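The structure appears below as structure tokens.
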Amino acid sequence: MRTKDKSLMESIKVEIDSFYSRNGRAPSTRELGEICGTSHITISRYLREMNEKGMLEYDNGKITTARMNKIKPESVTVPILGSISCGTLLTEEENVESYVRLPIELVGRGDFFFLKANGDSMIEAGIDDGDFVLIRKTSEAHSGDIVVALVDNENTLKRLYYDSENRKIVLHPENKDFEDIVVDSCEIQGVAVKVLKDLQSEL
Numbered sequence: 001m002r003t004k005d006k007s008l009m010e011s012i013k014v015e016i017d018s019f020y021s022r023n024g025r026a027p028s029t030r031e032l033g034e035i036c037g038t039s040h041i042t043i044s045r046y047l048r049e050m051n052e053k054g055m056l057e058y059d060n061g062k063i064t065t066a067r068m069n070k071i072k073p074e075s076v077t078v079p080i081l082g083s084i085s086c087g088t089l090l091t092e093e094e095n096v097e098s099y100v101r102l103p104i105e106l107v108g109r110g111d112f113f114f115l116k117a118n119g120d121s122m123i124e125a126g127i128d129d130g131d132f133v134l135i136r137k138t139s140e141a142h143s144g145d146i147v148v149a150l151v152d153n154e155n156t157l158k159r160l161y162y163d164s165e166n167r168k169i170v171l172h173p174e175n176k177d178f179e180d181i182v183v184d185s186c187e188i189q190g191v192a193v194k195v196l197k198d199l200q201s202e203l
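Right, here's the structure in full:
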């Protein structure tokens with residue numbers, strides 16, 4: 001086998017890592033050929049020699065680099081369901097505005113969805129109007145959790161407290177200008193775990 005162009009080898013390796021960072025997967029030889037301006041047959045030959053040289057792993061068409069091995073590829077796809085204002089919370093496909101992929105290392109395992117906060121009833125908990133709140137889907141919650149609760153066919157994001165003495169459920173807004181919502185029962189649809197917001201400096 002003729003000695004391959006070392007600069008092209010390095011370029012191939014860089015492009016593989018760059019593609020993986022953008023797409024969460026390694027490129028195909030055809031995709032690599034288009035990126036590097038050469039044929040996929042040439043790319044395959046280079047990949048085989050790079051594998052022999054220990055620059056990457058290339059086995060049965062599967063490409064793996066050292067950088068890819070350091071990155072945990074596991075992720076969870078999270079739907080964005082719109083604002084949490086009122087109405088029954090639905091997760092059917094037609095109600096999903098878009099999807100985002102989050103690393104399991106950051107959010108853990110589970111079934112999640114994003115809701116956009118609407119209003120200022122939770123500002124003292126750091127949740128402002130327009131923030132995206134990551135919700136873990138669950139029907140159970142502990143006292144003190146911030147939850148998505150369904151009450152009289154309307155959902156709301158509030159801090160949950162159990163009033164065992166009066167056998168009531170308290171949905172507490174984190175804003176002193178709002179009053180507690182006290183109910184006999186409600187349906188817990190999820191627990192808030194993270195908030196995604198824009199940070200803007202005031203001029």
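For the sequence shown, my numbering assigns the number 1 to the initial residue and increments by one for each residue that follows. Heads up, the beta-carbon is just placed ideally off N, CA and C, and yes, glycines get one too. From a predicted model like this one, the values you see are computed outputs, not experimental measurements.
Selection from the options that minimises the alpha carbon distance to residue i
i      : options                        : result
Ile80  : Leu160, Phe113, Arg136         : Phe113
Glu124 : Thr156, Pro173, Leu102         : Pro173
Asn175 : Asp145, Asp198, Asp128, Thr138 : Asp128
Ser121 : Tyr46, Glu165, Asp177          : Asp177
Cys186 : Glu165, Lys70, Leu160          : Leu160
Lys62  : Lys70, Ser143, Arg25, Glu74    : Arg25
Glu165 : Ile16, Glu179, Asp184          : Asp184
Thr156 : Asp17, Asn23, Gly119, Val195   : Gly119
Supposed close pair residue i, residue j - CB separation, criterion 8 Å
i      : j      : result
Val78  : Ala141 : The pair is not a contact, with the Cβ atoms about 19 Å apart (cut-off 8 Å).
Val133 : Ala149 : So it is not a contact: roughly 13 Å between Cβ atoms.
Ile181 : Lys158 : 7 Å
Thr64  : Ile43  : Incorrect: roughly 15 Å between the Cβ atoms, too far for contact.
Asp145 : Lys197 : No, Asp145 and Lys197 are not in contact; Cβ-Cβ is about 20 Å, not under 8 Å.
Residue i vs residue j beta-carbon contact at 9 Å
i      : j      : result
Arg136 : Asp111 : yes
Glu97  : Gly82  : yes
Gly108 : Val193 : yes
Cys36  : Leu56  : no
Val76  : Leu102 : yes
Met68  : Tyr20  : yes
Close beta carbons around residue i, own chain, < 8 Å, minus the five adjacent residues each side
i      : result
Asn51  : Glu57, Tyr58, Asp59
Asp163 : Ile169, Val170, Val182
Close Cβ partners of residue i (< 6 Å) along its chain, the five nearest in sequence each way excluded
i     : result
His40 : Thr29, Arg30, Gly33
Leu47 : Tyr58
Minimum Cβ-Cβ distance from residue i to chain C less than 9 Å
i     : result
Phe19 : Absent from the structure is chain C; it holds one protein chain and no more.
Run of the beta strand (DSSP E) containing residue i, from where it starts to where it stops
i      : result
Val170 : 168-172
Arg25  : That residue, Arg25, is in no beta strand (DSSP E); it is neither H nor E in DSSP.
Val182 : 181-183
Lys98  : Note that residue 98 is Ser in the sequence shown here, rather than Lys. Note, Ser98: beta strand (DSSP E), 98-103.
7 Å CB neighbourhood of residue i in its chain, flanking five on each side removed
i      : result
Ser204 : One cannot answer for residue 204 here, as it falls past the ends of the chain, which runs 1 to 203.
Leu199 : none
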